[in-house]
Amino acid sequence: MSEKPQSNTLYIVGNVNIDLIMGPLDSWPQRGTEALLASNTWRVGGSAGNSALAAHALGINYRLIANKSGDVFGNWLAGHFSNTQNWTTTAQPTSVTVGITHSDNERTFFTGPGNVEQLSIDDVLSQLPEHSQNQEIVLLSGAFLTLELLGQYQQLIQTLKKRQFKVALDCGWPPQGWQSLRPVVQKWLPWIDFLLLNELEVLELSAQENLEHATQTLSSWLAQHAHLVIKQGAKGASCYCDDTLYQCKASKVKVADTVGAGDIFNAGYLASMSESHSIDRALQWAITLASSAIATQPRQILNRSQLISGIESGDMTYG
Numbered sequence: 001m002s003e004k005p006q007s008n009t010l011y012i013v014g015n016v017n018i019d020l021i022m023g024p025l026d027s028w029p030q031r032g033t034e035a036l037l038a039s040n041t042w043r044v045g046g047s048a049g050n051s052a053l054a055a056h057a058l059g060i061n062y063r064l065i066a067n068k069s070g071d072v073f074g075n076w077l078a079g080h081f082s083n084t085q086n087w088t089t090t091a092q093p094t095s096v097t098v099g100i101t102h103s104d105n106e107r108t109f110f111t112g113p114g115n116v117e118q119l120s121i122d123d124v125l126s127q128l129p130e131h132s133q134n135q136e137i138v139l140l141s142g143a144f145l146t147l148e149l150l151g152q153y154q155q156l157i158q159t160l161k162k163r164q165f166k167v168a169l170d171c172g173w174p175p176q177g178w179q180s181l182r183p184v185v186q187k188w189l190p191w192i193d194f195l196l197l198n199e200l201e202v203l204e205l206s207a208q209e210n211l212e213h214a215t216q217t218l219s220s221w222l223a224q225h226a227h228l229v230i231k232q233g234a235k236g237a238s239c240y241c242d243d244t245l246y247q248c249k250a251s252k253v254k255v256a257d258t259v260g261a262g263d264i265f266n267a268g269y270l271a272s273m274s275e276s277h278s279i280d281r282a283l284q285w286a287i288t289l290a291s292s293a294i295a296t297q298p299r300q301i302l303n304r305s306q307l308i309s310g311i312e313s314g315d316m317t318y319g
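Residue numbers for the sequence shown follow this note's numbering, beginning at 1 and rising by one.
Right, dumping it as structure tokens:
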């Protein structure tokens, strides 16, 4: 199958910061002591940053909308992407996330305050067209870390819809807890075209213990034709849309580094959707892209030809 890249732009909005990935660590050391960890990696990160790196690898048209610190690290981050000249520069230091990996392939994150907290609605809207010509997609990510923007999310989403954009949301896990933020997110969902969450986030946002009930609950909060995409790790992923459940199994993977896998998945899914592919095809793109990435260290992301070749040949075992 020949698949030509699309001309629409995928807009990616949210947190771009430095990720310091260290591990594995399975028990917290005693206070006042020091622990040696087997690996550490310093790289571009943040939910929006990871999705943009994947979009870049695929060779699609994309625009990363963020801000940066005026320190040396802010300039280093901006240098990894094109069209960053309109990023607002803040006086805050560059935000850093420390990801601690564990031997069961789970990870725990510690994020320090910094530039991402000051991203505002004006920063975002000033970097977007006044009108989308072809219902281009805007991916909103890192909502609970972009604290200033968080209070303006309802206004932002409604403005994007007025500008004829399709809106994708991966809000992530709230450090503030779901209790106070669940009703806030629920108010956003009628405006969302693509909701991309992992399985645990689906359960917590819906306040359900059963995935089937959680899917039904979230679907009732979304508009007609919206996609509820559930990232399920080694089991693959599914999408519930218009009372139909689509499922795709994951590749067999020897996991090296899962940090950012969901963000890479998002880029693959939305890139495929931008080209008017089927939901089944979009799930294939997303899972293949994420599966290959988590099997590499240092991190490598498939380009477009590698992605399509892997899907078409059925050779989707990595690591």
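From the three backbone atoms N, C-alpha and C, an ideal C-beta is built for every residue, glycine too.
Query raised in the report: Counting Cβ pairs, one atom from each stretch, are 3 or more of them under 8 Å apart for the stretch 284–299 and the stretch 255–272?
Result: Per the Cβ contact rule, the stretch 284–299 is in contact with the stretch 255–272 (3 or more Cβ pairs under 8 Å).
Query - Straight-line gap, Ile12 to Gln127 (C-alpha atoms, nearest Å) - result: For Ile12 and Gln127, the distance between alpha carbons rounds to 11 Å.
**Report entry** Presumed contact (8 Å Cβ cut-off) between Gly79 and Pro93, rounded CB distance
**Finding:** So it is not a contact: roughly 17 Å between Cβ atoms.
**Report entry** Integer-rounded CB distance, given that Ser141 should sit under 8 Å from Asp170
**Finding:** 5 Å
Report task. Return the chain-ordered list of same chain residues with a C-beta closer than 7 Å to the C-beta of Val167, the five sequence neighbours on each side being excluded. Result -> By the criterion of a C-beta distance shorter than 7 Å, Val167 is surrounded in its chain by Val138, Leu140, Ile157, Leu160, Lys161, Trp191, Ile192 and Asp193, once the five residues flanking it on both sides are discounted.
Requested in this report: State the DSSP-derived secondary structure class of Leu140, mapped to helix, strand or coil.
Outcome: strand
Report task. Have a look at Ala55, Ser69 and Ala237 and flag the residue whose alpha-carbon is nearest the alpha-carbon of Ala250. Result -> When only C-alpha atoms are compared, the closest one is Ala237.
Query raised in the report: Taking Gly74 as the reference, which of Arg63, His56, Ala54 and Gly46 has the closest Cα?
Result: Gly46
Requested in this report: Indicate whether the contact test is met: 3 or more Cβ pairs, each with one atom in the stretch 9–25 and one in the stretch 84–99, closer than 8 Å.
Outcome: Segments in contact, yes.
**Report entry** Limits of the unbroken beta strand (DSSP E) element including His213
**Finding:** No beta strand (DSSP E) contains His213, which is instead part of the alpha helix (DSSP H) from Leu211 to Trp221.
**Report entry** Minimum Cβ-Cβ distance from Met273 to chain D less than 8 Å
**Finding:** The question asks about chain D, but that chain is absent: this structure has only one protein chain.
Query - Euclidean distance between Cα positions of Ala55 and Val44 - result: 14 Å
Query raised in the report: Got a sec? Which residues, its chain only, sit under 8 Å from Gln176 by beta carbon, not counting five neighbours each side?
Result: Phe144
Query raised in the report: Residues in its own chain within less than 6 Å of Ala286 by CB, not counting five upstream and five downstream?
Result: Phe265, Gly268 and Tyr269
Requested in this report: Tell me where the alpha helix (DSSP H) around Leu205 begins and ends.
Outcome: Glu199 to Ser206
Query - Top-ranked residue by Cα proximity to Pro174, from Tyr62, Thr244, Ile301 and Leu200 - result: Leu200
Query raised in the report: With a Cβ-Cβ cutoff of 8 Å, do Gln179 and Trp221 count as a contact?
Result: no
Query - Beta-carbon spacing of Ile121, Gln164 below 8 Å - result: no
Query raised in the report: Helix, strand or coil: how does DSSP classify Leu196 here?
Result: Strand.
Report task. Hey, could you find the ends of the alpha helix (DSSP H) His56 is sitting in? Result -> Ser47 to Leu58
Report task. Output yes or no for whether 8 Å exceeds the beta carbon distance between Leu10 and Ile65. Result -> no
Requested in this report: List the DSSP bridge partners of Met273.
Outcome: As DSSP reads the structure, Met273 sits in no beta bridge.
Query - CB of Leu228 within 8 Å of CB of Tyr240, strictly - result: yes
Report task. Could you tell me the distance, in whole angstroms, from the CA atom of Thr84 to the CA atom of Leu197? Result -> 27 Å
Requested in this report: Rounded to whole angstroms, what's the CA-CA distance from Phe81 to Ala57? Just pull it up for me.
Outcome: 11 Å
Query - With 16 other Cβ atoms within 10 Å as the buried cut-off, status of Leu195 - result: Buried, since its Cβ has 16 or more Cβ neighbours within 10 Å.
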